[in-house]
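**Q** One structure, pasted below without further comment.
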Amino acid sequence: MAELVLVRHGVTAWNRARRFQGHIDIPLDDEGHRQARLAARRLAQEPISAVYASDLGRAVQTAEPIAQALGLALGSEPGLRERHYGAFEGLDHDTIEREHAEAFARWRARDPDYVLPGGGETLRTFSARVEAAMLRLALRHPGERVVAVTHGGVLDCAYRIASGLDLGAPRRHDLLNASVNRVAWDGVRFRLIAWGDVSHLDAALDDVEARA
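Dropping the structure here:
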């Protein structure tokens, strides 16, 4: 059985502004770098065989300290790149709702086959890409635990793939920056192990406050 430890990248300025990043390469902000270091400290004690990141900078910046803490080379898995959001990219939610009202409503309704304006991916195509990337890693590392640093949309797909939740169903699971999320490949399908763990961030903040 292969275990994938899926980590969302640290926070960016566009996360805070609720702007769609998609394929636009936005770097981590100072807090995002701090979150990456805390995730690295958390994972450094685990028996991890490999560390991968999507090919976007915010994922690479989060993965680098994790790989360094484990003494591993950082691999790339472009299939774990965020969804292409087409014309939505670079805009915040309010602007999209105002300028692309119909498209925004279709996006929020989670129509799996709706093509986002401006060359965006359908949800179904995106999910298939994510599942193929997850399977590549699982088959490359049988019986091993592997870290993959990725994005919120990818995590949403991974949760649905591993839990059986339909692509069109409302989301009630968290997609937290620098969170640790675990799924396992049992040779037939992916299964959910644990989700949305950010205890490493809370514990670190508590430690700092205790020393102040």
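Take 1 as the starting number for the sequence shown in our numbering and just add one per residue. Quick reminder that beta carbons are idealized off the backbone N, C-alpha and C, glycines included. The model shown is predicted, which means the values in this text are computed figures rather than measured ones.
1) What's the call for I96, buried or exposed, on a 16-neighbour Cβ count within 10 Å?
2) From A148 to A194, what does the alpha carbon distance come to, in whole angstroms?
3) Can you name the residues that DSSP bridges to L165?
4) Residues in the same chain with beta-carbon distance under 8 Å from G143, minus the five sequence neighbours each way, listed in chain order, please.
5) Excluding the 5 residues flanking L91 on each side, which residues of the same chain have their C-beta closer than 7 Å to its C-beta?
6) Which residue's Cα is closest to the Cα of R41: P65, F126, S127 and H84?
7) Pull up the distance between the alpha-carbon of A133 and that of E89, whole angstroms please.
8) Measuring straight from C-alpha to C-alpha, what distance separates W185 and R98?
9) Taking 8 Å as the threshold (C-beta atoms), are L43 and A69 in contact?
10) Can you check the region 95-171 for any alpha helix (DSSP H) of at least 4 residues that lies completely inside it and give the ranges in chain order?
11) Determine the direct distance from the alpha carbon of N177 to that of G86, and round the result to whole angstroms.
12) For A181, name the three-state secondary structure that DSSP assigns.
13) So, helix, strand or coil for I26, using DSSP?
14) Mind checking A212: buried by the 16 CB within 10 Å criterion, or exposed?
15) Where do the ends of the beta strand (DSSP E) carrying A50 lie?
16) Would you give the residue range spanned by the alpha helix (DSSP H) that L91 belongs to?
**A** Taking the structure as given:
1) Stepping through the sequence shown from its first residue, residue 96 is reached at position 96. I96 is buried by the Cβ-count criterion.
2) Translated into positions along the sequence shown, residue 148 becomes position 148. Translated into positions along the sequence shown, residue 194 becomes position 194. Rounded to whole angstroms, A148 to A194 spans 15 Å at the Cα level.
3) As a working note, residue 165 is residue 165 in the sequence shown. Beta-bridge pairing links L165 to no other residue.
4) The residue given as residue 143 occupies position 143 in the sequence shown. Once the five neighbours on either side are set aside, the close Cβ partners of G143 are M1 and A2.
5) Translated into positions along the sequence shown, residue 91 becomes position 91. If we look at L91 and ignore the five residues flanking it on each side, its Cβ neighbours are R19 and F20.
6) If you number the sequence shown from 1, residue 41 lands on position 41. Nearest of P65, F126, S127 and H84 to R41, Cα basis: P65.
7) Here the question's residue 133 lines up with position 133 in the sequence shown. Here the question's residue 89 lines up with position 89 in the sequence shown. In a straight line, the C-alpha of A133 is about 23 Å away from that of E89.
8) The residue you call residue 185 lines up with position 185 of the sequence shown. The residue you call residue 98 lines up with position 98 of the sequence shown. For W185 and R98, the distance between alpha carbons rounds to 42 Å.
9) Indexing the sequence shown from 1 puts residue 69 at position 69. Indexing the sequence shown from 1 puts residue 43 at position 43. Yes, the Cβ-Cβ distance between A69 and L43 is below 8 Å.
10) 101-108, 123-140 and 152-163
11) In the sequence shown, residue 86 corresponds to position 86, counting from 1. In the sequence shown, residue 177 corresponds to position 177, counting from 1. Each residue's Cα considered, the two are about 23 Å apart.
12) Position 181 of the sequence shown, counted from the start, is the residue given in the question as residue 181. It is Asn, not Ala, that sits at residue 181 in the sequence shown. Of the three classes helix, strand and coil, the one that applies to N181 here is strand, per DSSP.
13) Position 26 of the sequence shown, counted from the first residue, corresponds to residue 26. Coil.
14) Along the sequence shown, one-based indexing puts residue 212 at 212. Because the pLDDT at A212 is just 33, under 50, the model does not fix this residue reliably, and the value given afterwards should be weighed accordingly. Counting Cβ neighbours within 10 Å, A212 comes out exposed, since fewer than 16 surround it.
15) Locating residue 50 in the sequence shown gives position 50, counting from the first residue. Note, A50: beta strand (DSSP E), A50 to A53.
16) Here the question's residue 91 lines up with position 91 in the sequence shown. Premise fails: L91 is in no alpha helix (DSSP H) and is neither H nor E.
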